[in-house]
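Following our numbering from start to finish, the sequence shown increments by one per residue and tops out at 267. Ideal Cβ positions, reconstructed from N, Cα and C, are used throughout, including at glycine. Okay, so here's the structure we're looking at.
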Amino acid sequence: MADRIRQPAKEGSVVLKHRLHALGVGVTILALMSITAGVSASEVYTVRKGDSLWSISKKFGVSIDDIKRANNVSANKPLQIGKKLVIPDQNQSQAAKEEAAELEAERQKKEAERFGSRVAKQLEEQDKAQAQAKNNTKDDGKPAVVRTALAFRGAKYVRGGTGARGFDCSGFTRHVFAKYGVNLPHSSKAQASCGKHVDKKDLQPGDLVFFATYRSSISHVGIYIGDNKFIHASTPRTGVIVSSLGEQYYAKRYRGARRVLANSSTESK
């Protein structure tokens, strides 16, 4: 009789062990799914011939700045073919921005409580000035407007284009300078009347340079980046490229320069 009482208990113990084991397996699977989801949140992309930060950002719907930050790459140098780039998840990127904004708001609130709103505002202005000074010296000291322009190297040339699909020459300069509060007309000839005249010997990175490429009057524009070079939306075949003012073609057709961004060598964004 005792054996008959103990036997069901033993069988029940075995069943319980099986159930616990199954539960453990289920938990493990869920954990692995969570880990896998975390890993796959960011995608790895191998750079191919013709790729640029601009084209990759459009392909994945992620900003150029997010790609640069995730991979510690600079807009000043062409991407190396075969290089592996981490493409940050757009939702994660937005969440990070929102979290940073919340932390900044909390920091300002604590400073206001401790020092008073007036002093907190002064500290905030000091932080901005320090950040601006840091931005002005990174990437080989190039001003922000030039770094922005270089980030679009490799973008498509589209006649009449001013953004998402691509650019023509004046559409490119218009798009870049709009990020710095300068509203340029969509015409190279009209842009040549903006700002102030700059002699060729006094060119600074960020100045607009103009050319007469297919007629006697101005018909092409680019952005001077230093070292006697400029970046421009050139042709449907080449897209946005960097060229030299010393090239015979451009040297012969050069028609002047204008400065439309005050103190362009130190302006930051």
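Coarse secondary structure for Ile239, derived from DSSP in three states
Strand, per DSSP.
To the nearest angstrom, how far is the alpha carbon of Val196 from that of Arg253?
Just so you know, the alpha carbons of Val196 and Arg253 end up roughly 11 Å apart.
Am I right that Val207 and Gly220 are in contact with their C-beta atoms under 8 Å? What's the rounded C-beta distance?
Contact holds; Cβ gap of about 5 Å.
Can you give the Cα-Cα distance for Gly224 and Ala153, rounded to whole angstroms?
About 21 Å.
Please name the residue in Arg151, Gly139, Arg46 and Gln78 whose C-alpha comes closest to that of Ile62.
Nearest to Ile62 by C-alpha distance, out of Arg151, Gly139, Arg46 and Gln78, is Arg151.
With distances taken between CB atoms, is the gap from Asn69 to Leu83 smaller than 7 Å?
Between Asn69 and Leu83, the CB-CB gap stays under 7 Å.
Nearest neighbour of Lys198, chosen from Ile229, His184 and Arg257 [CA to CA]:
Sorting Ile229, His184 and Arg257 by C-alpha distance to the C-alpha of Lys198 places Arg257 at the top.
State the start and end residues of the unbroken beta strand (DSSP E) segment that holds Tyr155.
Neither: Tyr155 is in no beta strand (DSSP E) and is coded neither H nor E.
Going by CA-CA distance only, name the one from Thr171, Asp49 and Pro86 that's closest to Val60.
Residue nearest to Val60 within the set Thr171, Asp49 and Pro86 is Pro86 (criterion: CA-CA distance).
Would you list the one or two residues that DSSP bridges to Glu41?
In DSSP, Glu41 forms a bridge with Ile85.
Identity of the residue in Gly244, Cys167, Leu77 and Leu259 nearest Thr233 by Cα
The shortest Cα separation from Thr233 among Gly244, Cys167, Leu77 and Leu259 belongs to Cys167.
C-alpha distance - Arg213 paired with Leu201, whole-angstrom precision
Computed Cα separation, rounded: 24 Å.
Can you tell me whether Ile79 is buried or exposed, with buried defined as 16 or more other CB within 10 angstroms of its CB?
Exposed.
Just to check my reading of the structure: Phe170 and Ala210 have Cβ atoms closer than 8 Å, yes? What is that Cβ distance to the nearest angstrom?
Contact flag wrong, Cβ pair sits at about 18 Å.
Only counting the same chain, and skipping five residues up and downstream in sequence, which positions put a Cβ closer than 6 Å to that of Ala188?
Nothing meets the Cβ criterion.
At what residues does the alpha helix (DSSP H) containing Val174 begin and finish?
For Val174, the uninterrupted alpha helix (DSSP H) segment begins and ends at Cys167 to Ala176.
Local Cβ density within 10 Å of Tyr222, reported as buried at 16 or more and exposed below that
For Tyr222, the number of other beta carbons within 10 angstroms of its own is at least 16, and it is reported as buried.
With C-beta atoms as the reference, is Lys81 less than 7 Å away from Val45?
Yes.
Own chain residues within Cβ distance below 6 Å of Ser185, not counting five before or after
Ser168, listed in sequence order.
Please report how far the alpha carbon of Gly159 lies from the alpha carbon of Ser191, in whole angstroms.
For Gly159 and Ser191, the distance between alpha carbons rounds to 21 Å.
Nearest by alpha-carbon distance to Val174: which of Val143, Ala255, Pro76 and Lys56 is it?
Minimum Cα distance to Val174 is reached at Val143.
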